[in-house]
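Structure first, commentary second.
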Amino acid sequence: MEIVHVGFGNILSADRILVIASTNSAPIKRLIQEGKNKGIVIDLTNGRKTKSLLILDSGHLVLSALAPKTLINRLSKNEKR
Numbered sequence: 055m056e057i058v059h060v061g062f063g064n065i066l067s068a069d070r071i072l073v074i075a076s077t078n079s080a081p082i083k084r085l086i087q088e089g090k091n092k093g094i095v096i097d098l099t100n101g102r103k104t105k106s107l108l109i110l111d112s113g114h115l116v117l118s119a120l121a122p123k124t125l126i127n128r129l130s131k132n133e134k135r
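Start counting the sequence shown at 55; every next residue gets the next number (my numbering).
Dropping the structure here:
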């Protein structure tokens with residue numbers, strides 16, 4: 055099982071991540087708000103600004119304070135191992 059560090063000691067299974075998106079756009083912000091209303095958001099920002107949204111294969115939405123580019127770099131380093 056490959057894992058990826060998503061900030062502040064939080065780790066996710068890399069195999070479960072379907073999408074990594076920036077939170078700058080209105081549609082992504084709406085998706086996050088709808089997810090909060092449904093109770094499917096997992097906030098791993100530790101109170102910091104949300105910079106990326108990870109959508110898991112379970113349908114859960116994970117909020118991270120790391121930029122999407124940082125997460126992609128970490129995932130690609132895992133694949134090279």
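Think of the CB as a built atom: it goes at the ideal place given N, C-alpha and C, for glycine as much as any other residue.
Predicted model, so just to flag it, every value in this text is computed and none were measured.
Just verifying my parser: in three-state terms, what is the DSSP assignment at residue i?
i: residue 109; result: strand
i: residue 120; result: coil
i: residue 129; result: helix
Using 8 Å for Cβ pairs, my map puts residue i next to residue j. What's the rounded Cβ distance?
i: residue 68; j: residue 129; result: 6 Å
So, are the CB atoms of residue i and residue j less than 8 Å apart?
i: residue 73; j: residue 116; result: no
i: residue 75; j: residue 98; result: no
I need the boundaries of the alpha helix (DSSP H) containing residue i, first residue and last residue.
i: residue 85; result: 80 to 92
Kindly identify the DSSP beta-bridge partner or partners of residue i.
i: residue 64; result: 61
i: residue 72; result: Beta-bridge pairing links residue 72 to no other residue.
Can you give me the start and stop residues for the beta strand (DSSP E) that residue i sits inside?
i: residue 97; result: 95 to 97
So is residue i in contact with chain B if we call contact Cβ pairs under 8 Å?
i: residue 130; result: Judged by its chain identifiers, the structure shown contains no chain B, having just a single protein chain.
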